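In what follows, a structure is listed as structure tokens, so that the remarks can point back to it.
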Amino acid sequence: MRAVINDQRSMNSYFLSWFSRLAYVFALLIGGTMGGGIYVIRTFSDYKYVLLLVIFVLFLHTWLTIRRLFNGISFRWMLVSAIFLSVFSLGLSRINLIDYKCINEIILSRNINYTHLLQLPEAVCFERMNSENRRRATLWIAENKNKLVDAGPVVFVKHFGRCGTYNGEQISFDSLKEYFRRWDQNTLEDTKSEPCILYIHRDIKMNYVNRIKKCLAELQAYRIQYAVLPSVREYDDKYYTYLVFPLVTSRYFAEAEGWQKLQKTSNIPKHVHDLYTTATGEIFFNGTKVQFDDFKDFILHKILVMPDYCIKYHIHGNSTYAEYIFIVSTIMQVIHELRNNYSFEVYQRIYENLEWDEAKVIRERFPYRVVEIPIEL
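Quick note on full-length UniProt numbering: the sequence shown kicks off at 1 and runs consecutively.
Here it is in structure tokens:
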């Protein structure tokens, strides 16, 4: 009897030690994937048979020692105990001590991705977004799942003000300008130089996006980081919560009537190209229609022929946000490739590894010159 008890103690100690180490390894793996480990390591769905095998091994290993107490009838008692434990476990599983379904619904009701349509666009060029303590604000522009035909998108804002944190406030487009004005008065001075993070549903019309960008520009919130998905993805979309496409609004956003003024105050190159997107998603460059699949090679050729360029990007209000991100990220991707190639020629290093003064030389050689001009509806 004592030997059986000692064997059980040893087995339990060994199992707890092994299980705690395994849990520690899983915690490291999930924590090391930027909080998205649940979408990379699907423990139960991928290894459910292994987990069931652990239960069988523990049960049978226990009976390897206990069966010595039953002379010749151990298998009968093992079957009885298996049935009893199965019935007992199923009975406990039916008892809801905590209404987890209600708790799940409460939590999900506060999740914008669950309550609204918020599918991010794809981008071919991106970087890691700033952490929450290095943001001026975070904005979500989504669509209602049961929206009316002419209903506008829904805007949620999170920012840090003098009176506390404003988390997930919903505002209407009609009161957008007034809200932004009050928000600016309450903004902490330390955060005014930080970027604004924008999560925007891919099918939102650019007419709404341009209004938000205009309000931000009037508040001198020039740095914008657009949350995006990589065009090539290995994991679930929910895993990619930290990628953005960055732009500086003040340099690349102008009203249509402000183009002449911009030419006088800025050093606009001689070679100015007109890029148009239509309401049907077509791209025209200097009057020539360009297919989406050929756009990158087309822009690359134009910049190589005329490096001293400027692109006037006329954004139709009915074009989608996904089309806008595709165009600006593709142009930026071309610029990055040219910078890397030229940097390797001159300094034998890629652009990202250059010193500040060396990188400045490369930027002046291949600048990103795109002036965004909204076409008001």
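Yeah, the Cβ is synthetic: ideal placement off N, Cα and C, and Gly gets one too.
None of the values given here were measured: they were computed from a predicted structure.
Requested in this report: Please report the Cβ distance between valine 155 and leucine 176, rounded to the nearest whole angstrom; I am assuming they are in contact, meaning their Cβ atoms lie under 8 Å.
Outcome: Locating residue 155 in the sequence shown gives position 155, where the first residue counts as 1. Locating residue 176 in the sequence shown gives position 176, where the first residue counts as 1. Confirmed, Cβ separation roughly 7 Å.
Report task. Please report how far the alpha carbon of tyrosine 321 lies from the alpha carbon of phenylalanine 292, in whole angstroms. Result -> The residue labelled residue 321 in the question sits at position 321 within the sequence shown. The residue labelled residue 292 in the question sits at position 292 within the sequence shown. Using only the alpha carbons, I get a separation of about 15 Å.
Query raised in the report: Are the stretch 236-250 and the stretch 276-290 touching by the rule of at least three beta carbon pairs closer than 8 Å?
Result: no
**Report entry** Start-to-end residues for the alpha helix (DSSP H) that takes in asparagine 144
**Finding:** What you label residue 144 is simply residue 144 of the sequence shown in a count that begins at 1. Where asparagine 144 is concerned, there is no enclosing alpha helix (DSSP H), although the beta strand (DSSP E) it sits in stretches over 137-144.
Report task. Quick one: grab the DSSP three-state call for threonine 115. Result -> Reading the sequence shown from its first residue, position 115 is the one you call residue 115. The three-state reading of DSSP puts threonine 115 in helix, counting H, G and I together.
Query raised in the report: Is it the case that the Cβ atoms of isoleucine 315 and glutamate 376 are separated by a distance below 8 Å?
Result: Position 315 of the sequence shown, counting from 1, holds the residue named residue 315. Position 376 of the sequence shown, counting from 1, holds the residue named residue 376. Taking 8 Å as the cut-off, the Cβ atoms of isoleucine 315 and glutamate 376 do not count as close.
Query raised in the report: For proline 230 versus phenylalanine 126, is the C-beta distance shorter than 8 Å?
Result: As a first step, residue 230 must be located in the sequence shown, where it is residue number 230. As a first step, residue 126 must be located in the sequence shown, where it is residue number 126. Contact flag set, yes.
Query raised in the report: Is the distance from the Cβ of residue 385 to the Cβ of leucine 300 below 8 Å?
Result: In the structure as shown, the chain begins at 1 and stops at 377. Residue 385 is therefore absent and cannot be evaluated.
Requested in this report: Count the other C-beta atoms from every protein chain shown that fall within 10 angstroms of the C-beta of glutamate 178, then say buried if there are 16 or more, exposed otherwise.
Outcome: One-based indexing of the sequence shown puts residue 178 at position 178. Exposed, because fewer than 16 other Cβ atoms sit within 10 Å of the Cβ of glutamate 178.
Query - Simplified DSSP state of cysteine 310, which is helix, strand or coil - result: The residue given as residue 310 occupies position 310 in the sequence shown. In this structure, cysteine 310 counts as strand in the three-state DSSP scheme.
Query - Nearest to lysine 312 (by Cα), restricted to the options Phe284, Asp294, Ser319, Phe298 - result: Translated into the one-based positions of the sequence shown, residue 312 becomes position 312. That would be Phe284, whose Cα lies nearest to the Cα of lysine 312.
Query raised in the report: Quick one: any contact between the stretch 189-198 and the stretch 129-140, if contact means 3 or more CB pairs under 8 Å?
Result: yes
Query raised in the report: Where does phenylalanine 88 land, buried or exposed, given buried means 16+ other C-beta within 10 angstroms?
Result: For the purposes of this step, residue 88 is taken as the residue at position 88 of the sequence shown. So phenylalanine 88 counts as exposed.
Report task. Provide the residue span of the beta strand (DSSP E) that contains lysine 289, from first to last. Result -> On the sequence shown, position 289 is the one that residue 289 refers to. Segment 288-290, the beta strand (DSSP E) holding lysine 289.
Requested in this report: State the Cα-Cα distance for the pair proline 246 and threonine 138, rounded to the nearest angstrom.
Outcome: Here residue 246 refers to the residue found at position 246 of the sequence shown. Here residue 138 refers to the residue found at position 138 of the sequence shown. If I take the Cα positions, the gap works out to 14 Å.
Query raised in the report: Quick one: what's got a C-beta closer than 6 Å to glutamine 170's C-beta in the same chain, skipping five residues either side?
Result: Residue mapping note: residue 170 aligns to position 170 of the sequence shown, counting from 1. For glutamine 170, where only same-chain residues beyond five positions count, the Cβ hits under 6 Å are Phe156.
Report task. Could you check what DSSP says for aspartate 274 in three-state terms: helix, strand or coil? Result -> Locating residue 274 in the sequence shown gives position 274, counting from the first residue. Reduced to three states, the DSSP call for aspartate 274 is strand.
Query raised in the report: Roughly how many whole angstroms lie between the Cα atoms of arginine 211 and glutamate 337?
Result: Position 211 of the sequence shown holds residue 211. Position 337 of the sequence shown holds residue 337. Cα to Cα, arginine 211 sits roughly 32 Å from glutamate 337.
Query - Assigned secondary structure, phenylalanine 126 (DSSP; H/G/I helix, E/B strand, else coil) - result: Here residue 126 refers to the residue found at position 126 of the sequence shown. Coil at phenylalanine 126, not helix or strand.
Report task. Spatial neighbours of asparagine 318 within its chain, please: CB distance less than 6 Å, with the 5 preceding and 5 following residues excluded, ordered by chain position. Result -> On the sequence shown, position 318 is the one that residue 318 refers to. Lys205, Ala279.
**Report entry** Burial state of asparagine 130, where buried means 16 or more other Cβ atoms lie within 10 Å
**Finding:** The residue you call residue 130 lines up with position 130 of the sequence shown. It counts as buried.
Requested in this report: Can you have a look at arginine 21 and say buried or exposed, based on whether 16 or more other CB atoms are within 10 angstroms of its CB?
Outcome: Position 21 of the sequence shown, counting from 1, holds the residue named residue 21. Arginine 21 comes out exposed.
Query - Local conformation of residue 383 per DSSP, three classes - result: This structure cannot settle anything about residue 383, because the visible part of the chain is limited to 1 through 377.
Query - Neighbourhood of arginine 202 by C-beta distance below 7 Å, restricted to the same chain and skipping five residues each side - result: Within the sequence shown, residue 202 is the residue found at index 202, counting from 1. So the list reads Gln119, Leu120, Pro121, Thr320, Tyr321, Ala322, once near-sequence residues are dropped.
Query raised in the report: Considering phenylalanine 284, what are the terminal residues of the alpha helix (DSSP H) in which it resides?
Result: Taking the first residue of the sequence shown as 1, we reach residue 284 at position 284. Run containing phenylalanine 284: none in the alpha helix (DSSP H); it sits in the beta strand (DSSP E), 283-285.
Requested in this report: Check whether the Cβ atoms of tyrosine 347 and phenylalanine 366 lie closer than 8 Å to each other.
Outcome: Along the sequence shown, read from residue 1 onward, the residue named residue 347 stands at position 347. Along the sequence shown, read from residue 1 onward, the residue named residue 366 stands at position 366. In this structure, phenylalanine 366 does not lie closer than 8 Å to tyrosine 347 by Cβ.
Report task. Please go through the same chain and pick out, in chain order, the residues whose beta-carbon is closer than 8 Å to the beta-carbon of isoleucine 362, but skip the five residues on each side of it. Result -> Counting from 1 along the sequence shown, the entry for residue 362 is found at position 362. Same-chain partners within the cutoff: Arg339, Tyr342, Ser343, Val346, Tyr351, Leu354.
Requested in this report: Determine the direct distance from the alpha carbon of alanine 23 to that of phenylalanine 56, and round the result to whole angstroms.
Outcome: Position 56 of the sequence shown, counted from the first residue, corresponds to residue 56. Position 23 of the sequence shown, counted from the first residue, corresponds to residue 23. Cα to Cα, phenylalanine 56 sits roughly 19 Å from alanine 23.
**Report entry** Where glutamate 352 sits in the DSSP three-state scheme
**Finding:** Reading the sequence shown from its first residue, position 352 is the one you call residue 352. The answer is helix: DSSP assigns glutamate 352 an H, G or I state.
Query raised in the report: Expressed to the nearest angstrom, what Euclidean distance is found between the alpha-carbon atoms of phenylalanine 15 and aspartate 297?
Result: Working through the sequence shown from its first residue, we reach residue 15 at position 15. Working through the sequence shown from its first residue, we reach residue 297 at position 297. So the alpha carbons of these two residues sit roughly 59 Å apart.
Requested in this report: Identify, in the order they occur along the chain, each residue of the same chain with its Cβ nearer than 7 Å to the Cβ of alanine 359, setting aside the five sequence neighbours on each side.
Outcome: Counting from one through the sequence shown, the residue named residue 359 turns up at place 359. Taken in chain order, the residues that qualify are Tyr351.
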